[in-house]
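Participant: Protein chains in written order, with our numbering: chain A, 1 to 288; chain B, 1 to 314.
Glycine included, every Cβ here is placed at the ideal spot set by N, Cα and C.
Bear in mind the structure is a predicted one, so any value in this text is a computation, not a measurement.
Before I ask anything, here is the structure I am working with.
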Amino acid sequence: MPISEWFHKKEKYTQITPAIEKRTIPDGVWSKCKKCGEIVYQKELVNNLEVCPKCDFHHELSAYGRLHLLLDDGKFKEFDKHLLPADPLKFTSEKTYLESLNQSQERTKLADAAVNAKGKLNNHPVMIVAMDFRFIGGSMGSVVGEKVTRAIERAITDKLPLIIVSSSGGARMQEGIFSLMQMAKTSAAMARFKETNLPYVSVLANPTMGGVMASFASLGDVVIAEPEALIGFAGPRVIEKTIRQKLPKDFQRAEFMLDYGQIDLVVHRRDLKETISKLLDFFVGETE
Amino acid sequence: MDFEKPVVELEIKLDELKKLPLAESPEITEEVRYLEEQINKLREKIYTNLSPWEKLQIARHPNRPRTLDYVGKICTDFTELHGDRLCGDDPSLVGGPAFLEGKRVMVLGHQKGKDTKENVARNFGMPHPEGYRKALRLMGLAEKFKLPLVCFIDTPGAYPGIEAEERGQAGAIAENLVKMSILPVPVIVVNIGEGGSGGALALGVGDRVFMLENAYYSVITPEGCASILWHDETRASEAAKALKLTANDLLKHNIIDGIIDEPLGGAHRGFELTANVLKKILMDNLIELKKVPVQKLLNIRYERLRKIGAYKES
């Protein structure tokens with residue numbers, strides 16, 4: 001704070017704390033921060049990469065938002081867009097799986113919870129997968145598993161560094177055993193990728209849990225997490241129920257996982273591109 | 001188990017009848033024969049029409065044979081090895097070399113207990129990361145000494161606990177998936193009871209995957225599924241149905257290669273028989289797989305996983 005500001009007059013009106021909870025927020029104009037509860041102008045939040053300007057909490061970033069953030073001039077070539085989810089188990093609960101899919105597709109304009117693309121990151125050509133948490137919690141069913149596998153295979157064939165930005169509650173329940181087996185499929189593809197000398201940078205956005213974390217997300221040569229991202233295998237509620245104890249407040253957060261040696265770096269969203277770029281400089285040498 | 005009650009009631013009646021002082025009399029002998037017939041009929045009726053939830057009760061039955069029961073029965077000289085060389089030894093996952101009909105193999109499996117005390121010691125068959133890392137180490141030995149790998153799956157899931165997360169449960173499972181997918185020896189997997197999610201799959205990548213008739217294999221426990229869908233664990237039987245987790249379902253979806261029959265009522269009602277069938281299947285498949293050159297074996301294993309998925313292409 002510059003010294004001149006010390007002598008600023010205090011504003012002469014009383015601030016009234018608005019009854020935030022009761023106020024309805026018009027869609028698309030205002031957003032409420034999930035952490036501090038502050039009402040933020042939607043545009044400001046978008047300009048700030050979905051990071052709360054008040055408390056720095058990293059909200060979910062859409063898959064395309066992620067590609068724009070990381071790829072030069074926001075330009076990329078998308079792959080595997082034609083893969084669409086099916087309903088192999090004819091899964092019904094209160095809402096059928098197909099209804100959930102339709103709703104998510106309408107809301108997000110995505111076919112499923114991941115987008116594959118090729119682009120440049122500070123001039124490094126890269127293969128990238130961006131997951132989208134808004135689509136049924138970013139859960140991995142057959143489409144996500146297939147897309148990740150194809151991205152890995154394409155990175156091997158085209159000799160490209162691989163970046164996967166995960167954001168997922170885990171395997172998709174509604175596809176049952178098919179979802180579980182996507183863990184094995186993506187890991188098998190990753191085994192082949194690991195036989196090359198190409199780098200894989202895994203980025204964990206809030207949250208990266210369950211079957212996604214127990215397969216490709218934890219297999220990065222370098223694993224980067226966004227601040228406060230929830231990372232782990234079992235969800236905190238399941239753990240609390242099992243051990244019948246309250247968990248520490250920062251449990252499974254990125255900073256906690258860093259302390260326990262489970263990830264390499266915690267990086268603010270605004271520095272993410274530069275950090276990955278620097279790692280690629282080390283691992284693939286100079287760009288032209 | 002609830003659905004067994006009618007049989008149990010008849011069995012009690014039969015026992016009482018047999019104990020009567022006049023048990024030798026023709027009328028009572030006739031009655032006994034009649035009752036026995038009824039019991040067998042009822043058994044067949046009940047056990048051949050089990051719902052997924054009822055099968056799951058058999059898969060979780062306290063008397064169900066465990067990994068070490070099968071290993072003790074079908075292998076010789078099993079030598080259990082211990083520890084992950086990083087932090088500890090996990091008794092909920094066991095492994096070591098053994099002979100199967102004189103052929104060398106490496107055995108791995110989840111291990112539950114026989115009673116409460118042993119279950120506590122074995123954490124109800126729910127491994128920590130050190131269990132999976134011990135498995136990874138033994139897979140390395142299998143590779144080095146060219147021992148085919150035989151894995152027994154029987155776990156409610158990887159343990160959801162604080163220390164498990166601190167020590168990287170997710171990463172430990174992922175590393176096993178990677179290793180198993182490229183392990184240059186034949187790998188046969190048998191799900192003998194509970195196939196609980198990623199914690200089961202961490203021993204589940206192989207060239208052949210079998211399930212016992214009443215075993216289940218699922219992405220999430222029915223209780224967990226019901227609690228997420230309806231916030232009500234008591235609706236687990238509905239979830240069990242929706243998840244399509246029985247051996248028949250998995251065979252239908254081409255996830256597994258075959259089902260190993262169990263005696264009426266479950267493996268615990270005829271352990272010897274079950275173990276013998278299991279042994280024969282292991283032997284037959286090991287002989288087949290050993291003929292396949294390693295690189296071809298690995299390619300087929302990859303393709304097997306590669307094609308799993310249900311999606312549409314527009």
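Determine the burial state of B:Y217: buried for a count of at least 16 other Cβ atoms within 10 Å of its Cβ, exposed for fewer.
Facilitator: Along the second sequence, read from residue 1 onward, the residue named residue 217 of chain B stands at position 217. Per the 10 Å Cβ criterion, buried.
Participant: In chain A, which residues lie with their C-beta within 9 Å of the C-beta of B:L245?
Facilitator: Locating residue 245 of chain B in the second sequence gives position 245, counting from the first residue. Residues of chain A passing the Cβ test: G176 and I177.
Participant: Between the stretch 33 to 46 of chain B and the stretch 183 to 192 of chain B, do at least 3 Cβ pairs fall closer than 8 Å?
Facilitator: No, the stretch 33 to 46 of chain B is not in contact with the stretch 183 to 192 of chain B.
Participant: Within 10 Å of its beta-carbon, does A:Q262 have 16 or more other beta-carbons around it, so buried, or fewer, so exposed?
Facilitator: Residue numbering aside, residue 262 of chain A sits at position 262 when the first sequence is read from its first letter. It counts as buried.
Participant: According to the neighbour-count rule (16 or more other Cβ atoms, all chains shown, within 10 Å of its Cβ), is B:I300 buried or exposed?
Facilitator: On the second sequence, residue 300 of chain B is found 300 positions in, with the first residue counted as 1. B:I300 is exposed by the Cβ-count criterion.
Participant: Cα separation between B:G195 and B:L250?
Facilitator: Start at 1 with the first residue of the second sequence, and residue 195 of chain B comes out as number 195. Start at 1 with the first residue of the second sequence, and residue 250 of chain B comes out as number 250. Approximately 12 Å, taken between the alpha carbons.
Participant: Under 9 Å Cβ-Cβ, which residues of chain E neighbour A:I243?
Facilitator: No chain E appears in the structure shown, which is made up of the protein chains A and B.
Participant: Taking Cβ positions, are B:L149 and B:M126 nearer each other than 9 Å?
Facilitator: By one-based count along the second sequence, residue 149 of chain B stands at place 149. By one-based count along the second sequence, residue 126 of chain B stands at place 126. Against a cut-off of 9 Å, the Cβ pair of B:M126 and B:L149 comes out as no contact.
Participant: Are the stretch 255 to 268 of chain B and the stretch 147 to 162 of chain B touching, with three or more C-beta to C-beta distances below 8 Å?
Facilitator: With the cut-off at 8 Å, the stretch 255 to 268 of chain B and the stretch 147 to 162 of chain B do not touch.
Participant: Check whether the Cβ atoms of B:L17 and B:V32 lie closer than 9 Å to each other.
Facilitator: Taking the second sequence and counting its residues from 1, the one referred to as residue 17 of chain B is at position 17. Taking the second sequence and counting its residues from 1, the one referred to as residue 32 of chain B is at position 32. For B:L17 and B:V32, yes; Cβs fall inside 9 Å.
Participant: Report the neighbours of B:A170 on chain A: residues whose CB is nearer than 7 Å to its CB, in chain order.
Facilitator: Numbered from its first residue, the second sequence carries residue 170 of chain B at position 170. Chain A residues near B:A170: M213, A214, S218, G232 and F233.
Participant: Taking only three categories from DSSP, how would you classify B:G102?
Facilitator: Counted from its first residue, the second sequence places residue 102 of chain B at position 102. Three-state DSSP puts B:G102 in coil, outside helix and strand.
Participant: With three or more C-beta pairs closer than 8 Å as the rule, is the stretch 200 to 220 of chain B touching the stretch 200 to 207 of chain A?
Facilitator: These segments do not touch.
Participant: Quick one: is the Cβ of A:K95 within less than 8 Å of any heavy atom of the ligand HEM?
Facilitator: Judged by which ligands are present, the structure shown has none, so any question about the ligand HEM falls away.
Participant: Across the stretch 86 to 98 of chain B and the stretch 127 to 137 of chain B, are there enough close Cβ pairs to call them in contact, namely three or more that are closer than 8 Å?
Facilitator: Cβ pair count under 8 Å is three or more, so yes.
Participant: Please check the pair A:A217 and A:S139, which I expect to be a contact at CB under 8 Å, by giving their CB distance rounded to whole angstroms.
Facilitator: By 1-based counting over the first sequence, the position of residue 217 of chain A is 217. By 1-based counting over the first sequence, the position of residue 139 of chain A is 139. The Cβ separation is near 13 Å, so there is no contact.
Participant: For the stretch 232 to 243 of chain A against the stretch 185 to 195 of chain A, do three or more pairs of beta-carbon atoms, one drawn from each stretch, fall closer than 8 Å, so that the two count as touching?
Facilitator: Cβ pair count under 8 Å is below three, so no.
Participant: Among A:F178, A:T96 and A:H268, which one has its Cα closest to the Cα of A:F57?
Facilitator: In the first sequence, the residue the question calls residue 57 of chain A occupies position 57. Of A:F178, A:T96 and A:H268, the residue nearest in Cα terms is A:H268.
Participant: Three Cβ pairs or more, each shorter than 8 Å: is that satisfied between the stretch 271 to 285 of chain B and the stretch 125 to 135 of chain A?
Facilitator: No contact exists between the stretch 271 to 285 of chain B and the stretch 125 to 135 of chain A.
Participant: Which complete beta strand (DSSP E) runs does the stretch 175 to 206 of chain B hold, if anything under 3 residues is left out?
Facilitator: Here the runs fully enclosed are 187 to 196.
Participant: Looking at C-alpha atoms only, which residue of A:H124, A:K95, A:D80 and A:K120 is the closest neighbour of A:A113?
Facilitator: Residue numbering aside, residue 113 of chain A sits at position 113 when the first sequence is read from its first letter. Ranking A:H124, A:K95, A:D80 and A:K120 by Cα distance to A:A113 puts A:D80 first.
Participant: Give me the chain B residues within the contact set of A:K146, using Cβ-Cβ distance strictly less than 8 Å, ordered along the chain.
Facilitator: For the purposes of this step, residue 146 of chain A is identified with residue 146 of the first sequence, where counting begins at 1. The sequence shown places Glu at residue 146 of chain A, rather than the Lys named in the question. The contacting residues are G309 and Y311.
Participant: Once you ignore the five residues that flank A:A151 on each side, which residues in its own chain have a CB closer than 6 Å to its CB?
Facilitator: Numbered from 1 along the first sequence, position 151 holds the residue referred to as residue 151 of chain A. Within the same chain, A:A151 has close Cβ partners N116, M127 and V129.
Participant: Pair every Cβ in the stretch 248 to 266 of chain A with every Cβ in the stretch 224 to 232 of chain A, then say whether three or more of these pairs are closer than 8 Å.
Facilitator: Yes, since at least three Cβ pairs between the stretch 248 to 266 of chain A and the stretch 224 to 232 of chain A fall closer than 8 Å, the two stretches touch.
Participant: At 4 residues or longer, and completely inside the stretch 262 to 304 of chain B: list those alpha helix (DSSP H) runs for me, N to C.
Facilitator: As far as the stretch 262 to 304 of chain B is concerned, its whole alpha helix (DSSP H) runs of at least 4 residues are 271 to 290.
Participant: Less than 9 Å between the beta carbons of A:P207 and A:P161, yes or no?
Facilitator: Start at 1 with the first residue of the first sequence, and residue 207 of chain A comes out as number 207. Start at 1 with the first residue of the first sequence, and residue 161 of chain A comes out as number 161. For A:P207 and A:P161, no; Cβs fall outside 9 Å.
Participant: B:H128 to B:A170, Cα distance in whole Å?
Facilitator: In the second sequence, counting from the first residue as 1, residue 128 of chain B sits at position 128. In the second sequence, counting from the first residue as 1, residue 170 of chain B sits at position 170. If you take the alpha carbons of B:H128 and B:A170, they lie about 10 Å apart.
Participant: Would you mind giving the Cβ-Cβ distance between B:P263 and B:L278, rounded to the nearest angstrom? I have them listed as a contact below 8 Å.
Facilitator: Against the second sequence, residue 263 of chain B aligns to sequence position 263. Against the second sequence, residue 278 of chain B aligns to sequence position 278. The Cβ separation is near 12 Å, so there is no contact.
Participant: Looking at the structure shown, is A:G145 part of a helix, part of a strand, or coil, going by DSSP?
Facilitator: Translated into positions along the first sequence, residue 145 of chain A becomes position 145. The answer is helix: DSSP assigns A:G145 an H, G or I state.
Participant: Short check: CB of A:A184 to CB of A:S142, under 9 Å?
Facilitator: Translated into positions along the first sequence, residue 184 of chain A becomes position 184. Translated into positions along the first sequence, residue 142 of chain A becomes position 142. It is not a contact, given that the beta carbons lie outside the stated cut-off.
Participant: Determine the DSSP secondary structure at B:I173, reduced to helix, strand or coil.
Facilitator: Within the second sequence, the letter at position 173 stands for residue 173 of chain B. DSSP places B:I173 in helix when its eight states are reduced to three.
Participant: At what residues does the beta strand (DSSP E) containing B:R208 begin and finish?
Facilitator: Within the second sequence, the letter at position 208 stands for residue 208 of chain B. Element bounds for B:R208: R208 to L212.
Participant: For the beta strand (DSSP E) holding A:M117, just list the boundary residues, first then last.
Facilitator: Translated into the one-based positions of the first sequence, residue 117 of chain A becomes position 117. The question names Met, but residue 117 of chain A is Ala in the sequence shown. Taken as a continuous stretch (DSSP letters only), the beta strand (DSSP E) holding A:A117 covers A114 to L121.
Participant: Go ahead and label B:N176 buried or exposed: buried means 16 or more other beta carbons lie within 10 angstroms of its beta carbon, across all protein chains shown.
Facilitator: Here residue 176 of chain B corresponds to residue number 176 of the second sequence, with the count starting at 1. The residue is buried, with at least 16 neighbouring Cβ atoms inside 10 Å.
Participant: Can you find the residues in the same chain that come closer than 6 Å, C-beta to C-beta, to A:A339, ignoring five residues on each side of it along the sequence?
Facilitator: Past the edges of chain A, shown from 1 to 288, lies residue 339 of chain A, and the structure says nothing about it.
Participant: Just to confirm the assignment, what range does the alpha helix (DSSP H) spanning A:S343 have?
Facilitator: Look at the range of chain A in this structure, 1 to 288, and you will see that residue 343 of chain A is not part of it.
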